[in-house]
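Chains as they are written, first to last, in my numbering: chain A, 11 to 127; chain B, 11 to 127.
There are 2 protein chains.
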Amino acid sequence: MECKPRIEKEHKKEMMAVQDSMDVLSGKWKISIISSICYYNKRRFSDILSDIDGISNKMLSKELKELEINKLVKRTVLDTQPVTVQYELTAHGLTLKTLINNLVEWGIQHRKEIVGN
Amino acid sequence: MECKPRIEKEHKKEMMAVQDSMDVLSGKWKISIISSICYYNKRRFSDILSDIDGISNKMLSKELKELEINKLVKRTVLDTQPVTVQYELTAHGLTLKTLINNLVEWGIQHRKEIVGN
DNA sequence: CGGGATCCATACGGATACTG
DNA sequence: CAGTATCCGTATGGATCCCG
Chain A
11 MECKPRIEKE HKKEMMAVQD SMDVLSGKWK ISIISSICYY NKRRFSDILS DIDGISNKML
71 SKELKELEIN KLVKRTVLDT QPVTVQYELT AHGLTLKTLI NNLVEWGIQH RKEIVGN
Chain B
11 MECKPRIEKE HKKEMMAVQD SMDVLSGKWK ISIISSICYY NKRRFSDILS DIDGISNKML
71 SKELKELEIN KLVKRTVLDT QPVTVQYELT AHGLTLKTLI NNLVEWGIQH RKEIVGN
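This is how it looks when you write it as structure tokens:
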């Protein structure tokens, strides 16, 4: 397994890039939210709220806002009565799929490693 | 981009696996620590402490302990005077490299997406 | 319905001092 | 050197109520 980056500066840049990714994803509910929207393609606020066990509306609202700022989800207000709001992943949000799949695979391997001690 | 998993149960399992991964990695300093050890192959407590800008000994101690519990790092007490402690990645810890590389690449892409608005 | 505002308990995490 | 213990401010996040 190759570990050493070429030069120190390069290494620092890589660490920053990892942090950028983690900042976006490490919120307690972020990935669950993304996954929920992704699964249904389009999803309304209250639907996501019931999809995810234990989340409060305050948290959902906050996390969705951050995801929107990071251009991972798109928010659309529908002209209904009363108002409904639809969330969907952006093209950029969809690129997370690969990363999430990696996280799934590593998580499975990790569980084997820990449980099977 | 394919998004819908086959069945709901499968989906829940995937979510759990992602959470397992995130729980291990999402500590504020975890990846920096792993990266530091990985970079130098073997590394002592005080060296890691000075590698990572801003971390306190309390945090380093705590995070290292968690990494050890998760079998990502191996802790070795050396019989020196005074005592020194060496940390190195386990085989399992090394499997994180791929994941971290993915995080690096996505982070770079993400930064482009956000900055270049 | 989709949030925002408020209150409040708890967890997180920094600084410092101490120990084997 | 490699932590541990303590103190303490701050951030996190749940519960609840309110509003357009």
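Positions of the beta carbon are idealized from the N, C-alpha and C atoms, including for glycine.
Only a predicted model underlies this, so the values are computations on that prediction, with no experimental measurement involved.
Measuring only between beta-carbons, confirm whether residue i sits less than 8 angstroms from chain A.
i: residue 45(B); result: yes
i: residue 123(B); result: yes
i: residue 81(B); result: yes
i: residue 25(B); result: yes
i: residue 117(B); result: yes
i: residue 41(B); result: yes
i: residue 60(B); result: no
i: residue 113(B); result: yes
i: residue 94(B); result: no
i: residue 86(B); result: no
i: residue 105(B); result: yes
Measure the beta-carbon distance from residue i to residue j and round it to whole angstroms, keeping in mind my assumption that it falls under 8 angstroms.
i: residue 82(B); j: residue 106(B); result: 7 angstroms
i: residue 117(A); j: residue 30(B); result: 4 angstroms
i: residue 44(B); j: residue 58(B); result: That belief does not hold up - the Cβ atoms of residue 44(B) and residue 58(B) are roughly 10 angstroms apart, past 8 angstroms.
i: residue 112(B); j: residue 112(A); result: 5 angstroms
i: residue 94(B); j: residue 54(B); result: 5 angstroms
i: residue 73(B); j: residue 37(B); result: 5 angstroms
i: residue 24(A); j: residue 102(B); result: Contact doesn't hold; Cβ gap of about 21 angstroms is too wide.
Drop a sphere of 10 angstroms on the beta-carbon of residue i, count the other beta-carbons inside from all chains shown, and report buried for 16 or more, exposed for fewer.
i: residue 79(A); result: exposed
i: residue 60(B); result: exposed
i: residue 19(A); result: exposed
i: residue 27(A); result: buried
i: residue 88(A); result: exposed
i: residue 114(A); result: buried
So with Cβ pairs under 8 angstroms, would you call residue i a contact of chain B?
i: residue 32(A); result: yes
i: residue 28(A); result: yes
i: residue 65(A); result: no
i: residue 109(A); result: yes
i: residue 139(A); result: Since the first residue shown for chain A is 11 and the last is 127, residue 139(A) is missing from the structure and cannot be characterised.
i: residue 56(A); result: no
i: residue 71(A); result: no
Just tell me which of the options has its CA closest to the CA of residue i.
i: residue 96(A); options: 29(A), 46(A), 33(A) and 114(A); result: 46(A)
i: residue 22(B); options: 56(A), 62(A), 27(A) and 24(A); result: 62(A)
i: residue 84(B); options: 37(B), 39(B), 108(B) and 75(B); result: 75(B)
i: residue 32(B); options: 92(A), 27(A) and 40(A); result: 40(A)
i: residue 56(B); options: 92(B), 101(B), 24(B) and 108(B); result: 92(B)
i: residue 98(A); options: 119(A), 51(A), 124(A) and 108(A); result: 51(A)
i: residue 100(B); options: 34(A), 103(A) and 120(A); result: 120(A)
i: residue 34(B); options: 48(B), 77(B) and 49(B); result: 77(B)
- Task: Only counting runs of 3 or more residues, tell me where the beta strand (DSSP E) segments fall wholly within the segment 38-103 of chain B, in order along the chain.
- Result: Runs of the beta strand (DSSP E) inside the segment 38-103 of chain B: 52-54, 83-88 and 94-99.
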